[in-house]
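Asker: Dropping a structure here in structure tokens format, bear with me for questions.
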Amino acid sequence: MKKMVCLALAVMMAFTLAACGSSNESNKQNNAAGTGASSGETRTLKFAALETAYGKAIWEEVAAAFEKQVPNVKVDMTIEKNIEDVIGPSMKSGEFPDVIHLAVGQPKGLTETFVKDNNMTELTDVLSMTIPGEEGKVGEKIIPGFVDTTITNPYNDGKTYLMPMFYSPTGLFYNAGLFEQKGWDVPATWDEMWTLGDQAKAEGIALFAYPTTGYFDSFFYALLNEVGGPEFFTKAMNYTEGIWQSGEAGQAFDIISKLAAYTEKTVPANGNKDNFTKNQQLILDNKALFMPNGTWVVNEMGNAPRAEGFQWGFTALPAVTDGGDRYSYTFFEQIWVPAKAENADLAKQFIAYLYSDEAAQIFAKSGAVQPISGMSDKLDGDNKLFYSIYDQGAKAAMGAFVSTAPVEGVNISDTVFGSIDSLVTGAKTRQDWVEAITKASDALRSAQ
Amino acid sequence: MPSTSGRSRFIFFCLAPAVVLFVVFLFIPSIDVFRMSLYKWGGYTDTKTFVGLNNFSKLFQSEKFYQVFQNSILLIVVVTIITFALALLFAALLSRGKLKGTNGYRVVFYIPNILSVVVISAIFSAIYDPSNGLLNSILQLFRVIDEPVLWLGDQKIVIYSLAGAMIWQAVGYYMVMYMASMANIPESLYESANLEGASPAHQFFTITIPLIWTNIRTTLTFFIISTINMSFLFVTAMTSGGPDGATEVFLSYMYKEAYTNSSYGYGMAIGVVVFLFSFALAGILNAVTKRDHLEY
Numbered sequence: 001m002k003k004m005v006c007l008a009l010a011v012m013m014a015f016t017l018a019a020c021g022s023s024n025e026s027n028k029q030n031n032a033a034g035t036g037a038s039s040g041e042t043r044t045l046k047f048a049a050l051e052t053a054y055g056k057a058i059w060e061e062v063a064a065a066f067e068k069q070v071p072n073v074k075v076d077m078t079i080e081k082n083i084e085d086v087i088g089p090s091m092k093s094g095e096f097p098d099v100i101h102l103a104v105g106q107p108k109g110l111t112e113t114f115v116k117d118n119n120m121t122e123l124t125d126v127l128s129m130t131i132p133g134e135e136g137k138v139g140e141k142i143i144p145g146f147v148d149t150t151i152t153n154p155y156n157d158g159k160t161y162l163m164p165m166f167y168s169p170t171g172l173f174y175n176a177g178l179f180e181q182k183g184w185d186v187p188a189t190w191d192e193m194w195t196l197g198d199q200a201k202a203e204g205i206a207l208f209a210y211p212t213t214g215y216f217d218s219f220f221y222a223l224l225n226e227v228g229g230p231e232f233f234t235k236a237m238n239y240t241e242g243i244w245q246s247g248e249a250g251q252a253f254d255i256i257s258k259l260a261a262y263t264e265k266t267v268p269a270n271g272n273k274d275n276f277t278k279n280q281q282l283i284l285d286n287k288a289l290f291m292p293n294g295t296w297v298v299n300e301m302g303n304a305p306r307a308e309g310f311q312w313g314f315t316a317l318p319a320v321t322d323g324g325d326r327y328s329y330t331f332f333e334q335i336w337v338p339a340k341a342e343n344a345d346l347a348k349q350f351i352a353y354l355y356s357d358e359a360a361q362i363f364a365k366s367g368a369v370q371p372i373s374g375m376s377d378k379l380d381g382d383n384k385l386f387y388s389i390y391d392q393g394a395k396a397a398m399g400a401f402v403s404t405a406p407v408e409g410v411n412i413s414d415t416v417f418g419s420i421d422s423l424v425t426g427a428k429t430r431q432d433w434v435e436a437i438t439k440a441s442d443a444l445r446s447a448q
Numbered sequence: 449m450p451s452t453s454g455r456s457r458f459i460f461f462c463l464a465p466a467v468v469l470f471v472v473f474l475f476i477p478s479i480d481v482f483r484m485s486l487y488k489w490g491g492y493t494d495t496k497t498f499v500g501l502n503n504f505s506k507l508f509q510s511e512k513f514y515q516v517f518q519n520s521i522l523l524i525v526v527v528t529i530i531t532f533a534l535a536l537l538f539a540a541l542l543s544r545g546k547l548k549g550t551n552g553y554r555v556v557f558y559i560p561n562i563l564s565v566v567v568i569s570a571i572f573s574a575i576y577d578p579s580n581g582l583l584n585s586i587l588q589l590f591r592v593i594d595e596p597v598l599w600l601g602d603q604k605i606v607i608y609s610l611a612g613a614m615i616w617q618a619v620g621y622y623m624v625m626y627m628a629s630m631a632n633i634p635e636s637l638y639e640s641a642n643l644e645g646a647s648p649a650h651q652f653f654t655i656t657i658p659l660i661w662t663n664i665r666t667t668l669t670f671f672i673i674s675t676i677n678m679s680f681l682f683v684t685a686m687t688s689g690g691p692d693g694a695t696e697v698f699l700s701y702m703y704k705e706a707y708t709n710s711s712y713g714y715g716m717a718i719g720v721v722v723f724l725f726s727f728a729l730a731g732i733l734n735a736v737t738k739r740d741h742l743e744y
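Structure follows, in structure tokens:
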């Protein structure tokens, strides 16, 4: 009898397990039925985005406006801070969102993976699409240059795969109040920069600090444009042979090596995700003069204590020669469509809508500025100062190292930017650095 | 006879659910890691190419991987030895030494184990801070150093700074484990040792250690596995692998390659090496520390 009871219990346990399995199955079937039914009349656009400082609400508002503009469409939104983990599992089993708003340069590299795997839908035709609810075409509205970058056209074939979204100029941030107090001029050339560096050193202030070495990307890209112009920059981004041994590259390496010597000594110790704000604090405390950063730093350090008379100042990189070009790198986010998206046509329509005045207005309310002509005139406050940098003669640099097929163990960002910590601490020499860059660049070129 | 077959069937049905769960949730995923290490794969989509052992051959030619290997082994050795020594010492002091407030100490030592790694890393960031951190302030107060030491910024020191945080976190846990087994040792053994005139140190090495040896052996395996896992958490929270990769360990490097560098297959190859390495290390330690079981 006892045995029978035990057996019965065991059987019940097995059934429970089986039941677990089947309930999942039936869930799946329900889901499948749901989408099946909805594709009949109302179409569902699956939209996934990284939740950033701009918040979720702007997307919800824009989606609602889109649903109103285009009938019979429902936007199904997934907006999470860990969006890669949320959409990752279903993508592995072949179910993709229709539109993804996630920029390159994130730690999990989801967007890069799609670029490297050739897994994106071409979006060149979006540029010639008419914006829903308006007369004009998308391409006419976007500020020239934004869709000619190595980020938006990753395969160097003139075709656009990623559309530019919110942009923000980057450059050097400083305490304008301190400069006024001391009667210093903001340097316009690197030579003036070094002179200022010595002056500041005499007063116990370091010339330079950086939050983490990752912030050198925009700095380095702008610098490459200054030393060799856009053409040279594009060559460098494409890992052209011998480019790192050229005179122009040498000049850029010299400037960064010299800057490393002028960097506040404690910076590498705090140059990580946990403590980078301590490095930013150096500027607020008048312990360092300049740091490379983006416009978001103002909010990021909004509640931080600051020296008396502190006022944010923002400038493009100093020119290499007197009267030479000065550049400010433009950081922008991207929106794109996976190659296996079910509703690619609808996704394109949605992207086109994002460039409408209506949508731009909603985004701008939260400080998210799109690369739409005339948009920067509508800004106010600090943002007006930041976005006007290009009106004051600075040229815009855009693009990044071209994505190649993944090369195991080779990461160009780590090699180029990560090593700057070692230049500051003295663990690596300029020569070690350039050799490592050349090696990584060679490996990536052959993977192109 | 029929009763035997009934019994077997009964055992089979009893074990089946556990075995099924084990296979589905543990065995298959582990095998999957081995399988995926043979592919070139980005990790997010279903585009993969079979590349055989290519990932492994690249791995063994990578300087970076050897640096990571070195860092991990250094942490395993340093953290294990020091934690182990301190935990044993404190456990012996608290259970044998006639201290007041033993329970209070036990709680205090155990607290770091309850804290999350993020909290610990925040505490240690404050301790290690170059300009106004606790450690530099104390050292400067006693004029041990003139210039502030960059505990998390100097490539030669940073790995030991990490080890310090890891030891602080682990000591309490192992101490409590050793105290538990020390409590089982009959008091009469110590009494007779006292009568014979054995010093406390002598008693510790000849009575305490041999009698808790089984426990020490078990915890050694824990040490290795937990150091590999915990070092990833500490690195992620405290240094992000920096400065310039100086604190990159097995799992942080694996994560960087698998995700940031879009080389999931290569990441899994690192996973396989780590798996085999920790398995082998645990096996070796187990064999080396084998002693005759002592009864009391």
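Those sequence lines, one after another, are chains D and V. With the numbering used here, the residue at position 220 of the first sequence is 220, and numbering never jumps. Plus 448 on top of the position in the second sequence (first one is 1) and you've got the numbering used here. We treat Cβ as the ideally placed atom computed from N, Cα and C, and that holds for glycine.
(1) Starting from the C-beta of N72 (chain D), find all residues in its chain whose C-beta is less than 7 angstroms away, skip the five residues before and the five after it, and write them out in chain order.
(2) So, under 8 angstroms CB-CB, L610 (chain V) and M686 (chain V) are touching, yes? Tell me the CB distance rounded to an integer number of Å.
(3) Starting from the beta carbon of S711 (chain V), find every residue of chain D whose beta carbon is closer than 7 angstroms, and list them in chain order.
(4) Return the chain-ordered ranges of every beta strand (DSSP E) run that is complete within the stretch 63-119 of chain D and spans a minimum of 3 residues.
(5) Compare the C-beta of N293 (chain D) against all C-beta atoms of chain V and say whether one is closer than 7 angstroms.
(6) Determine the closest residue to V416 (chain D) out of D:A405, D:Q431 and D:P406, with distance taken between C-alpha atoms.
(7) Counting along the chain, where does the beta strand (DSSP E) carrying F47 (chain D) start and finish?
(8) For S26 (chain D), decide whether its Cβ has a neighbour in chain V, counting only Cβ atoms nearer than 7 angstroms.
(9) Name the chain V residues whose beta carbon is nearer than 9 angstroms to that of D76 (chain D)?
(10) Strictly by DSSP, which residues pair up with Y239 (chain D)?
(11) Quick one: what's got a C-beta closer than 7 angstroms to L668 (chain V)'s C-beta in the same chain, skipping five residues either side?
(12) Based on DSSP bridge pairs, tell me the residues matched to Q334 (chain D).
(13) Tell me, please, whether the CB atom of Q518 (chain V) is closer than 7 angstroms to any CB atom in chain D?
(14) Examine chain D for any beta-carbon lying closer than 7 angstroms to the beta-carbon of A735 (chain V), and answer yes or no.
(15) Have a look at the DSSP bridge pairing and note the partners of P371 (chain D).
(16) Could you pull out every unbroken alpha helix (DSSP H) segment of at least 4 residues lying fully inside the stretch 372-435 of chain D, listed in chain order?
(17) Mind checking which residues open and close the beta strand (DSSP E) that includes F723 (chain V)?
(18) Beta-carbon within less than 8 angstroms of A37 (chain D)'s beta-carbon, same chain only, minus the 5 sequence neighbours each way: which residues are those?
(19) Helix, strand or coil for G552 (chain V), going by three-state DSSP, please let me know.
(20) By Cβ distance below 7 angstroms, which residues in the same chain neighbour A631 (chain V) in space, the five residues on each side in sequence not counted?
(21) If we cut at 7 angstroms on Cβ distances, does G109 (chain D) have a partner in chain V?
(22) Considering only the alpha carbon of each residue, which of D:T149, D:M165, D:F166 and D:P164 lies closest to G158 (chain D)?
(23) Please confirm whether K116 (chain D) has its beta-carbon closer than 7 angstroms to some beta-carbon of chain V.
(24) Whole angstroms is fine: what's the gap from S510 (chain V)'s alpha carbon to E408 (chain D)'s?
(25) Just grab the DSSP bridge partners of L172 (chain D) for me.
(26) So for K258 (chain D), helix, strand or coil by DSSP?
(27) Tell me whether K141 (chain D) sits in a helix, a strand or coil according to DSSP, three-state version.
(28) In or out: G309 (chain D) buried (at least 16 other Cβ within 10 Å) or exposed?
(29) Taking only the alpha-carbon atoms, compute the straight-line gap between I605 (chain V) and F682 (chain V) and give it to the nearest angstrom.
(30) Excluding sequence positions up to five away, which residues of its chain have a Cβ less than 6 angstroms from the Cβ of A344 (chain D)?
(31) Can you tell me whether K348 (chain D) is buried or exposed, with buried defined as 16 or more other CB within 10 angstroms of its CB?
(32) State the DSSP-derived secondary structure class of K56 (chain D), mapped to helix, strand or coil.
(33) Enumerate in chain order the residues of its own chain whose CB-to-CB distance from M678 (chain V) is below 8 angstroms, with the five nearest sequence positions on each side excluded.
(34) Should the stretch 123-142 of chain D be called in touch with the stretch 97-115 of chain D, which here means at least 3 C-beta pairs below 8 angstroms?
(35) Tell me whether N153 (chain D) is buried or exposed, calling it buried when 16 or more other Cβ atoms sit within 10 Å of its Cβ.
(36) Grouping DSSP H, G and I as helix and E and B as strand, with all else coil, what is F208 (chain D)?
Answerer: From the atom records:
(1) The answer, listed in chain order, is E41, T42 and R43.
(2) Rounded, the Cβ-Cβ distance is 6 angstroms, consistent with contact.
(3) Against chain D, a Cβ distance below 7 angstroms from S711 (chain V) picks out P406 and E408.
(4) Runs found: 73-80 and 99-101.
(5) Chain V, which has no Cβ nearer than 7 angstroms to the Cβ of N293 (chain D), makes this no.
(6) The closest CA to that of V416 (chain D), considering only D:A405, D:Q431 and D:P406, is found on D:Q431.
(7) In this chain, the beta strand (DSSP E) harbouring F47 (chain D) covers R43 to L50.
(8) Confidence at S26 (chain D) is low in this model, with a pLDDT of 39, below 50, so the placement of that residue should be treated as unreliable; the coordinate-derived value is given next. Residue contact with chain V for S26 (chain D): absent (no Cβ-Cβ distance below 7 angstroms to any residue of chain V).
(9) Those within 9 angstroms of D76 (chain D) in chain V number zero; the least Cβ separation is about 20 angstroms.
(10) Among the bridge pairs identified by DSSP, Y239 (chain D) is matched with none.
(11) Closer than 7 angstroms at the Cβ level, and outside the excluded window around L668 (chain V), lie L733 and T737.
(12) DSSP output for Q334 (chain D) lists D:P164 as bridge partner(s).
(13) Taking Cβ atoms only, chain D never reaches closer than 7 angstroms to Q518 (chain V), which makes this a no.
(14) At a cut-off of 7 angstroms between beta carbons, A735 (chain V) makes no contact with chain D.
(15) The partner list for P371 (chain D) (beta bridge, DSSP) is empty, contrary to what the question assumes.
(16) Listed in chain order, they are 382-387 and 420-425.
(17) Taken as a continuous stretch (DSSP letters only), F723 (chain V) belongs to no beta strand (DSSP E), being part of the alpha helix (DSSP H) at Y712 to V736.
(18) Interpretation of A37 (chain D) is limited by its pLDDT of 39, a score under 50 that renders its predicted location unreliable; no figure is taken from the coordinates.
(19) Reduced to three states, the DSSP call for G552 (chain V) is helix.
(20) Here the set comprises S543.
(21) Chain V contact via Cβ: present.
(22) The option with the nearest alpha carbon to G158 (chain D) is D:T149.
(23) Chain V has a Cβ within less than 7 angstroms of the Cβ of K116 (chain D).
(24) If you take the alpha carbons of S510 (chain V) and E408 (chain D), they lie about 9 angstroms apart.
(25) Under DSSP, L172 (chain D) shares a beta bridge with D:P292 and D:T315.
(26) Note: K258 (chain D) maps to helix in three-state DSSP.
(27) The answer is helix: DSSP assigns K141 (chain D) an H, G or I state.
(28) Classification for G309 (chain D): exposed.
(29) Here the C-alpha atom of I605 (chain V) lies approximately 15 angstroms from the C-alpha atom of F682 (chain V).
(30) The beta carbon of A344 (chain D) sits closer than 6 angstroms to those of T121 and V337, all from its chain and outside the five residues before and after it, given in chain order.
(31) Answer is buried; the Cβ neighbour count reaches 16.
(32) Coil at K56 (chain D), not helix or strand.
(33) Excluding its 5 nearest sequence neighbours in each direction, M678 (chain V) has C-beta neighbours in its own chain below 8 angstroms: V565, M614, Q617 and A618, listed in chain order.
(34) In this structure the stretch 123-142 of chain D does not lie against the stretch 97-115 of chain D, because fewer than three pairs of beta carbons, one per stretch, are closer than 8 angstroms.
(35) Classified as buried, N153 (chain D) has 16 or more neighbouring CB atoms from the shown chains inside 10 Å of its CB.
(36) Strand, per DSSP.
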